[in-house]
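Here's the structure, in structure tokens; my notes come after.
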Amino acid sequence: MKKSILLISTLCLGGLLVAVPAVHADGGAATTKGYIKFSDGDDDGGPSDPGDEKDPDDKTKPIVPTKPVDPGKKTDGPLRFVYIPNVDFGDSNVIKTVGKAYYYARFPMVDDTKERPNFFEVSDARGGGKGWTVTLSNNGVFKNGSGHEIKANLYVNGMNIRSNSQLEENFYPELNKNLSDTINGTPYMRVSSNTVLAKADGAKKQGFGRWSVRFGSTANKIDQKVKDGKIEKRNPAVALEVLPGMKDTSSGYSTDLVWEITDGK
């Protein structure tokens, strides 16, 4: 009768595997161990298509990379912004000479073909759901190429979130729903200094993976009157309240939007 030894082994990656000696007996079995340990990832891929709130998320389908027409900005590290947007309020807005004026953001395009809500994307490759907070700051001052300044307030609403890592909802970060201001009867959140947009709670193991936070939906548009009586379809979830004062039409105005992501600890 032949003697046989059965050894069951699995792959070792990232650690030391100690061999188990064969058992000198008639037949039998022995079991070894496979070992793997993870360190922080870099997750250096580009932005994902954020989708749209009007389209249901299908967790069985992978999220495809995308290329926004607006290159935006990104940061580095295992906890980072994959994409933060510039916000375009248009270049043919009609001046209002009395009182406040309201202008709405244009919808950005991705892959040159798809209209999407304004969005930002976060990646947390640290493992374990350690938590994080995203804030946005703006000082309310816009300046043009001639140095002329105007005062304006930035408002947002309608934030909704998508998991680009196909995670379950109990791991979703929480969005700031404190809409304490109104524009024409619609609730908004005013962006000022360190305004919290989204927060992942480390105690609840929230925040691991990739997340797109969208402002509004392309299913909800507002008419913006522009030059020559034309109408543009804009995103009412991102609004600019321009305060009374002289406006200069020689060049466009810009302001700094300061995005920050911090560890949840």
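Read in order, the letters of the sequence shown correspond to residues -25 to -1, 1 to 240 in mature numbering (1 follows the signal peptide of the UniProt record, and there is no 0). Each residue gets a CB set at the ideal place from its N, CA and C atoms; glycine is no exception. All of these numbers come straight from a predicted model, not from anything done at the bench.
Taking a C-beta distance under 9 Å as the contact criterion, T237 and A173 do not qualify as a contact pair.
Listed in chain order, the non-local C-beta contacts of P60 below 8 Å within the same chain comprise P43, D45, G47, P83, N93, F94, F95, local neighbours out to five positions each way being set aside.
E144 sits in a helix when the DSSP states are folded into three classes. For the segment 68 to 109, the continuous beta strand (DSSP E) assignments of 3+ residues that do not extend past its boundaries occur at 76 to 80, 93 to 99, in sequence order. Residue pairing for A178: DSSP places it in no beta bridge. DSSP places P162 in the uninterrupted beta strand (DSSP E) bounded by 161 to 166. Beta-bridge analysis with DSSP links S187 to E96, R137.
R55 and V73 have their C-alpha atoms some 43 Å from each other.
S98 and S140 have their C-alpha atoms spaced approximately 10 Å apart.
For V217, the enclosing beta strand (DSSP E) starts and ends at 206 to 217. Three or more Cβ pairs drawn from the segment 64 to 80 and the segment 199 to 209 lie within less than 8 Å of each other, which places the two stretches in contact. According to DSSP, residue pairing for F117 in a beta bridge involves I125. For K202, the secondary structure class from DSSP, reduced to helix, strand or coil, is helix. Excluding five sequence positions before and after S67, the CB atoms of its chain that fall closer than 6 Å to its own CB belong to V201, K202, given in chain order.
Take the alpha-carbon of D51 and the one of G204: they are about 44 Å apart. Residue state for F64 is assigned as coil, using DSSP reduced to three classes. Rounded to whole angstroms, the gap between the alpha carbons of M134 and Q181 is 18 Å. Inter-residue distance for I158 and E144 is about 31 Å (C-alpha atoms, whole angstroms).
The segment 163 to 171 makes contact with the segment 107 to 127, as at least three CB pairs between them are under 8 Å. Cβ-Cβ separation between E216 and A127: approximately 6 Å, consistent with a contact (criterion under 8 Å).
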